[in-house]
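Protein sequence lines, in the order shown, are assigned to chains A, B and C. Residues in the first sequence are numbered from 75 upward in steps of one, following this note's numbering. Residues in the second sequence are numbered from 5 upward in steps of one, following this note's numbering. Residues in the third sequence are numbered from 47 upward in steps of one, following this note's numbering.
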Amino acid sequence: MSLDTATVRRIASLARIRLEEEEVGRMQAELNGILGWIEQLQAVPTEGVEPMAGGAPVSSDAGMRMRADEVTDGGMPEKVLANAPDRMGDYFGVPKVVE
Amino acid sequence: MHPTDFSLRGALDALAEGIISSEELTRAHLDAIGRLNPRINAYVTVMAEQALAAARASDERRRQGIVGPLEGLPLAIKDLFCTDGVPTTAGSRILGNFVPPYESTVTANLLRDGAVFLGKVNMDEFAMGSSNTTSAFGPVENPWSRANDPDARLVPGGSSGGSAAAVAARLALGATATDTGGSIRQPAAFCGIAGIKPTYGRCSRFGIVAFASSLDQAGPVARTVEDCAILLRSMAGFDPKDATSADLPVPDFAAACTRGVKGLRIGVPKEYRLDGMPAEIEALWQQGLEWLRAEGAETVEISLPHTKYALPTYYIVAPAEASSNLARYDGVRFGLRVAEGASDLRDLYERTRAAGFGAEVKRRIMIGTYVLSAGYYDAYYLKAQKVRTLIRRDFDEAWRKVDAIVTPATPSAAFGMDEKQDDPVTMYLNDVFTVTANLAGLPGLAVPAGLDRQGLPLGLQVIGRAFDEETVFAVGAAIERAADFRAVPGLRAGA
Amino acid sequence: MSTYRIEGRTGPWELVIGLEVHAQVISNAKLFSGAATAFGAEPNTQVSFIDAGFPGMLPVINRECVAQAVRTGLGLNAQVNLWSRFDRKNYFYADLPQGYQISQYAHPIVGKGAVEIELPDGATKTIGITRLHLEQDAGKSLHDQHPTKSFIDLNRSGVALMEIVSEPDMRSPEEAGAYLTKLRQIMRYLGTCDGNMDEGSLRADVNVSVRRPGEGYRTRCEVKNVNSIRFVMQAVEAEARRQIEVWEEGGTVEQETRLFDTGRGVTRSMRSKEEAHDYRYFPEPDLPPLVLDAAWVEALRAALPELPDARRARYVRDYGLSPYDAQVLTAEKATAAYYETVAKGRDPKLAANWVMGDLFAALNRTRRTIEDPPVKAEHLGALLDLMKDGTLSGKLAKEVFEAMVDTGKSPGAIVEERGLRQVTDSGAIERAVDTVLAANADKVAEYKAGKDKLFGFFVGQVMKAMQGKGNPALVNQVLKTKLG
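Right, dumping it as structure tokens:
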């Protein structure tokens with residue numbers, strides 16, 4: 075599966091990574107190199123095989139653990155906002171969004 | 005003997021006997037860091053004041069009779085672990101000046117047990133790499149050098165290059181690290197030290213910057229197998245804050261180190277014998293198996309037929325999960341924000357992420373985004389997860405015949421910093437022996453077993469059943485005893 | 047079966063409507079974090095590092111949120127899936143800290159169900175439920191606080207939402223309104239969502255398409271985040287008309303997401319069309335599957351409160367109320383509870399009349415709610431008792447009721463204070479009658495001559511003389527006797 079430059083730009087857009095024009099070609103080559111290499115997986119027969127979900131080495135029938143409905147967190151706006159690149163009072167500031 | 009030459013176990017004994025204090029031990033390490041780190045670049049953040057304060061507090065606790073399992077031991081922490089009040093970078097520019105207001109569970113466990121943190125160590129950016137050359141804070145130099153070319157700077161491996169180099173150079177008694185495709189075992193092997201990636205779920209992932217959620221695991225690197233066992237015992241344990249954390253008791257891993265291997269069946273997977281594998285590595289592998297047989301183990305050839313698909317499987321699954329895990333680095337709530345020239349929110353995202361992520365991270369995010377995208381999910385991500393099941397089944401089948409599997413840890417010794425940089429795929433091939441254990445969620449340990457022609461360390465890998473780190477430690481310790489690896493790197497404290 | 051049509055220039059059009067409703071779950075803490083969910087808190091004070099998407103944070107599910115989703119599924123007569131799974135829905139937005147929403151895509155917790163809706167003309171219709179799943183809510187963006195910046199508050203980020211998807215079974219704005227009303231009512235009865243659309247705890251995305259009667263489906267558009275039942279009905283109409291015009295002009299309706307402009311009563315396009323969202327769903331690797339114990343689900347089912355439809359049927363069957371009255375009294379759980387207290391051991395129809403008439407009027411007048419009424423249910427019941435035992439006439443009772451509204455006192459207390467006891471002492475009545483007849487001899491003569499209407503006048507005069515306290519039946523009787 076080989077990517078054309080339009081696809082490379084579309085992926086960069088989906089991933090919200092700005093690609094300058096001069097970078098597109100190189101990224102395309104690198105991605106195609108990687109994709110060409112992983113293409114070999116297509117040769118593996120996998121009919122009827124369940125995809126592995128998560129990293130657990132042993133499947134469990136128990137499912138995820140649930141926790142009690144108690145308020146045990148939050149109430150720390152200063153800590154939440156402390157690393158904000160643009161703190162606007164009690165809020166995070168971002169360039170205005172028009173819907 | 006220089007205080008930095010202690011093993012973890014040796015230091016625990018010395019501290020207990022009052023031969024040395026934690027403050028002295030810590031100071032010795034800080035001095036060594038001051039001298040050697042400018043060259044090795046293992047440490048990104050040195051916590052000198054805090055380390056000394058912690059060491060003093062530990063000595064005070066000891067006077068009160070309070071002695072935790074790691075009391076007073078100076079350790080290095082991979083900069084992927086969030087440490088409360090201490091800058092955490094994940095080896096990236098994009099985290100900016102992020103100072104976590106919380107502690108990862110693994111490092112909290114170490115603090116609970118009395119450890120002293122010397123600082124945060126360097127790593128490949130977002131744990132993506134096998135050379136520690138993708139860090140935003142510069143590469144790490146392997147303290148080992150080639151006998152015939154001592155000026156050539158070698159990589160320590162990655163992504164936990166800083167952890168491994170720090171321990172090898174005696175700039176820490178041990179270090180935390182993480183392993184997603186081999187990032188503990190490969191640098192440990194390159195640096196002539198031991199390291200273990202435990203079973204998936206053995207250590208909590210809470211507070212560790214996520215790379216690939218179904219593959220990441222924290223683990224220790226240290227100079228001996230027993231030291232790793234001691235560290236792992238403290239690091240591991242059920243954590244209700246991590247839904248993938250295994251609710252199982254933590255065994256006494258150190259005790260398992262002296263078990264021996266009598267009666268164990270050791271699997272030798274034929275698919276790990278690669279075309280063009282260096283003869284030295286094949287020879288070391290055979291040597292390791294000999295040692296084990298001499299100790300009473302039985303070696304059995306096994307087949308793990310889907311081995312050759314492990315790397316491409318990994319390079320679909322890991323980037324896919326990473327592309328999602330790294331979406332939160334957007335300049336809104338923490339970290340780097342490139343506001344200049346940003347016309348709107350979307351532009352802010354694009355500029356911030358372009359400036360903040362390095363080339364390898366961008367490549368993997370792009371691959372990951374692509375393999376999850378509409379129309380490609382089935383052919384790539386879903387397919388890879390199915391092949392992953394087949395890889396795990398290969399191991400399930402093997403465990404009916406053997407109790408542990410021994411393979412080389414890496415396809416080569418440490419390589420030069422400028423090598424393998426042209427083609428991403430060449431770098432990916434470093435993980436060929438290690439990645440299967442991550443895909444199957446199994447424990448894998450690297451133990452130094454010998455030197456190559458150039459005097460560079462080579463390691464062997466032991467893979468075990470899920471949650472059977474004890475057998476892995478037993479086999480690893482047996483190899484270690486037989487190998488009697490005493491070589492030390494040229495660049496080290498106390499040299 | 048529905049006959050609703052919009053007449054276009056070229057003929058009649060049928061509407062096809064489906065609703066995707068987002069309902070905030072009633073719980074103390076959020077779906078995957080322990081931060082609080084209460085509405086109206088100071089910004090960013092109910093935010094855990096998990097909700098803020100900080101590095102290394104991990105989700106752990108809240109059992110009560112799961113239970114609430116199960117209860118709602120049961121209330122929708124839907125299939126509860128004992129095995130379900132969470133997936134990541136990946137997209138970038140300022141109020142989505144992780145850059146993905148943890149949702150359920152492939153395997154939701156609840157499958158197919160159905161609800162009965164009641165239409166204004168009394169007809170009923172079954173609307174299919176496709177599925178219900180759990181997901182995280184996003185934070186809030188405020189766009190009007192600053193000229194060049196939007197402000198982000200993450201209090202709502204991570205609150206549990208149930209997304210309820212209907213089959214495209216609705217065919218008119220009324221049906222859409224009735225469906226949403228029903229859904230809201232069921233969840234309020236169950237206590238799984240408070241349905242306060244003005245606070246945003248219930249929002250609807252409306253999918254609308256139109257077609258010629260008998261045709262297959264044409265392209266539909268989605269009108270997002272409509273926050274009142276009235277607006278849902280308006281949005282359906284507005285969007286249908288817009289689409290009809292496009293088709294009739296010879297154009298094609300493009301699939302897109304739109305917003306309802308409540309001021310102008312039209313829908314407008316939400317985003318430029320350059321990039322449809324590619325959410326890149328994949329299973330959430332931080333969470334094992336959600337596995338429910340069948341016995342646990344059964345216990346939840348057994349403990350469910352009586353649902354609106356069952357309660358309505360019970361009122362008709364056991365209280366003999368008309369379907370209309372039953373519907374009014376069961377519309378809100380609190381109203382039904384109030385009514386049942388009043389009706390207990392009493393004439394249910396009388397109780398119904400007083401609740402629907404006098405009490406509702408009093409609620410309107412005093413701008414109070416049934417949850418905080420000016421007259422307690424017990425007191426209203428006691429008032430009915432005083433009528434039954436003859437203490438009060440119906441007219442007096444209404445006076446007492448007004449006094450109860452004003453003072454909050456019990457009817458007994460008011461009767462005592464004001465000496466309003468109805469007089470049943472026949473001697474006193476006879477005396478009053480005699481006085482009135484004596485004072486109006488001319489009218490007595492006219493009555494005897496045939497002017498029957500004057501009877502009412504005598505009754506009024508007697509009542510006046512007795513300050514309204516005369517027992518009407520006795521007064522009538524005595525007057526008849528004396529007038530001959």
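Here a beta-carbon is modelled for each residue, glycine too, at the ideal position from N, C-alpha and C. Note that the coordinates shown come from a computational prediction; the quantities given were computed from them, not determined experimentally.
Other residues of its chain near residue i: CB distance less than 6 Å, five sequence neighbours each side excluded
i	result
residue 174 of chain C	160, 213, 215
residue 530 of chain C	none
residue 92 of chain C	81, 82, 201
residue 489 of chain B	452
residue 122 of chain B	33, 55, 78, 80, 176
residue 308 of chain B	273, 275, 398
residue 368 of chain B	132, 323, 326
residue 501 of chain B	Any question about residue 501 of chain B goes unanswered here, given that chain B covers just 5 to 499.
Nearest residue (CA-CA) to residue i, options the options
i	options	result
residue 152 of chain B	B:456, B:114, B:377	B:456
residue 475 of chain B	B:257, B:276, B:464, B:80	B:257
residue 371 of chain C	C:339, C:351, C:350, C:406	C:406
residue 413 of chain C	C:451, C:209, C:391	C:451
residue 167 of chain C	C:120, C:157, C:221, C:158	C:221
residue 184 of chain C	C:76, C:393, C:203, C:332	C:203
residue 64 of chain C	C:226, C:313, C:262	C:226
residue 524 of chain C	C:471, C:334, C:486, C:510	C:471
residue 390 of chain B	A:150, A:164, A:121	A:121
residue 520 of chain C	C:488, C:436, C:490	C:436
residue 214 of chain B	B:227, B:240, B:182, B:41	B:182
residue 150 of chain C	C:254, C:335, C:86, C:449	C:335
residue 146 of chain A	C:153, C:224, C:77	C:77
residue 487 of chain B	B:364, B:289, B:366	B:289
Counted within 10 angstroms of its Cβ, other Cβ atoms place residue i as buried (16 or more) or exposed
i	result
residue 206 of chain B	buried
residue 425 of chain C	buried
residue 86 of chain A	buried
residue 325 of chain C	buried
residue 296 of chain C	exposed
residue 101 of chain B	exposed
residue 49 of chain C	exposed
residue 39 of chain B	exposed
residue 221 of chain B	buried
residue 328 of chain B	buried
residue 270 of chain B	buried
residue 56 of chain C	exposed
residue 179 of chain C	buried
residue 68 of chain C	buried
residue 94 of chain A	exposed
Residues near residue i by beta carbon distance below 7 Å, same chain, minus five either side
i	result
residue 303 of chain C	268, 270, 316, 317
residue 446 of chain C	429, 438, 457, 460, 461, 466
residue 15 of chain B	29, 77, 177
residue 528 of chain C	479, 483
residue 140 of chain C	187, 196, 198
Bridge partners - residue i, DSSP secondary structure assignment
i	result
residue 52 of chain C	C:59
residue 111 of chain C	In the DSSP output, where bridge partners are listed per residue, residue 111 of chain C has none listed.
residue 5 of chain C	Because chain C spans 47 through 530 in this model, residue 5 of chain C falls outside it and cannot be assessed.
residue 465 of chain B	B:411, B:450
residue 136 of chain C	C:146
residue 224 of chain B	B:180
residue 86 of chain B	The partner list for residue 86 of chain B (beta bridge, DSSP) is empty, contrary to what the question assumes.
Close beta carbons around residue i, own chain, < 8 Å, minus the five adjacent residues each side
i	result
residue 159 of chain A	none
residue 125 of chain C	119, 156, 157, 158, 159
Contact residues within the region 113-140 of chain C, judged by C-beta distance below 7 Å to chain B = 134, 136, 138, 140
Residues of the region 206-231 of chain C with Cβ closer than 7 Å to any Cβ of chain A, in chain order | none
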